[in-house]
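Numbering (our numbering), first residue to last: 369 to 1020. Using N, Cα and C, we set each Cβ at its ideal position, and we do this for glycine too. This report concerns only the one structure given below.
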Amino acid sequence: MKAGLTLCGVASLCGVSGFLHHAGARGGLLSPRRAQVQSLERRDGRSGSETAADHSSLQLPSILSAEPTRSRRVAYETVAVEFDEYVVDTMILGAGPAGMMLAALLAETYGLRVLVCDPNLEKPWPNNYGVWLEEWELIAEKTGFDLNSCLQHTWPRTQLYLAQQGDAKLELQRAYGRVDRTKLKAMLKEKCEKAGVIFLEQAVKPKFIEEVKSELCEKTSPMDTPDLKPAPPDYSRIKLKDGRAFKARMVVDCSGFNTELIDRMGKHDPGFQVSYSIEAKVRRHPYDKDAMIFMDYRTDWAAVQGPERLREAEEQPSFLYSMPMPKYNEGEAPPPEGEEDFERIFMEETSLVARPPMKPEELKRRMYERLKYMGIEILEIEDEGGCFIPMGGSLPKRNQRVLALGGAGNFVHPSTGYMVTRLFMGLTKAAKAIAREIKYPPFSPFNPVKAAQNVYAQLWTVNFRRQWDFTIFGGEFLMRQPVSILRGFFDGFFKLDTKAWSGFLAGWPGLPNNGQHASWDRRLEFGVELFMKWPNEVRLALMLGAIRYGGLNILRSITPNGFLPYSDEDIDTAYEKDVVPLRRILYGRDSIKRLEGNVRVGAIDNLDRVVSGPSGVPELDISGFKQPPGGLAGRQQAPSEEPSLLQRWTEE
């Protein structure tokens, strides 16, 4: 099941004309650095008159340690900045879909200064992404990005083959689409370029991220409280492999599943979705051209190979995931008359979830045995690939200054491997939370660890973590079942009401129908209804699974919040009870409470930063922020009877 995230780089470097320094909601922000920006043209990895040894200027094309890979086919516009240590609001490590979408949201929507670092910026994204159109269109509406133009093809319905053999199929009246990864990358690249995102083709190792104190941290607190703890470092210093450095308020890890930058809460033991795929011209195929083949779990292809091969296919299941494509790609001319006719199709042999992972070589062998049995003759393979997606495992610890999102942050659905729509929906909330922490922090000086905790608290609420546990158990159950149980499981699952099964597949707050699973009683109701649709052998397997490996996951997921609490649940409680009200005091419309709040925590030690709004109500001076077109500065002059922008921003 598709849409596992890729963290392979994106072919995008951008030209920028310089940055205004953050005028800041907090006292003690570093003063602006002088930066001289000039355009350079780089081809084949060269950078004009600048050299790698010249540390007085930053080659902005030259994260994790890996040697850069460069293409000889694409020229990129780059910039050079003379600096000692350049300061940004957010540094994003990784330029795959997660890093690029986050960078675009932070820079374009919220006007933050963003730097993206990846040693493989020019490497294409390898994964194929399949999406439910209902989810994709909602994300396009929520982000304001033209995501619908990034769809390569769509199908009005989906089909499943859940028998051992034969042509019987289950049909779902829900539209599906295939994302054009090249167009998606180009669209996000353009967004980043226009918003002034800087890209570095450079590696970063964990030891290169240091804690640094600003001048504000050296000052005595205005409260002068004897037992006040020393102020923590208020930004991170990130060293590159060549010795140059950046300073960032927040560091976000979008480097993927194999990140070395974060610690996790416990033993990290995920399952794995593995696939082998081809896009090919074939003489013919038996599938409906206006339907996407979601799962083909038939094993008749293995039965003809003999009993041993059939046993392997039954005990270690895999399915074929297929997308019949238009015969001609966009802009491709039909062949001359008389040339051999063909059909085009994308096919992927997939192991849904397994531990240890199934070998890609075995999946490749299965695909070709299946195609031979079905009489599908390949004329030309146009693309060959696959995926390797960890699913489930442990969440990142909350007490870290590096914020993990995307694959590094466990955004993959633990039961299905779906990610791209979950990723983009989650990043819309994460971007707003990051911008809120940087522009309107509840404490001074800025604390990257607390800021990361606050973002986690908004993404991984107690209620959502219990929903996550429900899907964790689903993944653990599915990876242990033979194909006969999986057929019965999915036959009952997809005979539920569409809102029920689509909500489980979504599994992320904000996606369509996720509300069907957002509370413990709805999950319990879902489980009972599904249990009644299964054959007895699936019911027995589930009951045994709940006893053997369900553990706390299944108990928490179907019991009220507060029963069997998480060990770090106090972080979420503190955020809702303390941080949210305090932020509303600091940046709300009640000037008295606001100023009292400022004095109490020393959040704004320079009251010159507070200016009167249009109705005499104090408003935060945001004139120095880098603004997107029609952004915050323009909206600040709203009529006084309207809720203030800052009030809307601080609404949780």
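When only Cα atoms are considered, I922 and T789 end up about 25 Å apart.
As computed with DSSP, R525 is found in a beta bridge with A659. Excluding the 5 residues flanking it on each side, Y655 has same chain C-beta neighbours closer than 7 Å at I661, S690 and P692, in chain order. Spanning the alpha carbons of G918 and D837 requires a straight line of approximately 10 Å. In the structure shown, the three-state DSSP call for Y454 is strand. Taking all protein chains shown into account, L795 has 16 or more neighbouring C-beta atoms within 10 Å of its C-beta and is therefore buried. Judged by beta-carbon spacing, L731 lies beyond the 8 Å limit of E748, meaning their Cβ atoms are not closer than that value.
The three-state reading of DSSP puts Q570 in coil, since its state is none of H, G, I, E or B. For A671, the enclosing alpha helix (DSSP H) covers residues D668 to A671. DSSP places W876 in the coil class of the three-state scheme, outside both helix and strand.
In this structure, P764 is the residue among P764, Q570 and L538 with its C-alpha nearest to the C-alpha of M633.
Judged by their CB atoms, I746 and Q821 are not nearer to each other than the 8 Å cut-off. When DSSP states are grouped into helix, strand and coil, A531 belongs to the coil group.
Here the stretch 474-489 does not lie against the stretch 630-644, with fewer than 3 beta-carbon pairs under 8 Å apart. According to the DSSP secondary-structure assignment, T718 is paired through a beta bridge with S643 and F687. Here the C-alpha atom of V721 lies approximately 22 Å from the C-alpha atom of H885.
A798 is not a Cβ neighbour of L568, given a cutoff of 8 Å. Counting the other CB atoms within 10 Å of its CB gives S517 a total below 16, which places it among the exposed residues. Under the three-state reduction of DSSP output, A466 falls in the helix class. The beta carbon of Q835 sits closer than 6 Å to those of H885, all from its chain and outside the five residues before and after it, given in chain order. Put simply, the stretch 733-746 does not touch the stretch 808-825. Fewer than three CB pairs are less than 8 Å apart. Per DSSP, reduced to three states, the secondary structure at A536 is coil, with no helix or strand assignment. Excluding residues up to 5 positions away in sequence, L530 and Y665 lie with their Cβ nearer than 6 Å to the Cβ of R855 in the same chain. Sorting I507, G674 and A909 by C-alpha distance to the C-alpha of L473 places I507 at the top. Spanning the alpha carbons of E579 and L920 requires a straight line of approximately 36 Å.
The C-beta distance from L608 to Q570 rounds to 5 Å, short enough to fall under 8 Å. Going by beta carbons, S870 and W500 fall inside the 8 Å limit. Within the model, the alpha-carbon separation for A659 versus P524 is close to 7 Å.
According to DSSP, residue pairing for D664 in a beta bridge involves Y529 and L688. In this structure, DSSP gives G754 an extended state, which the three-state scheme calls strand. Where C485 is concerned, the enclosing beta strand (DSSP E) starts and stops at V482 to C485. In terms of Cα proximity to S935, the closest of E905, G467 and V830 is V830.
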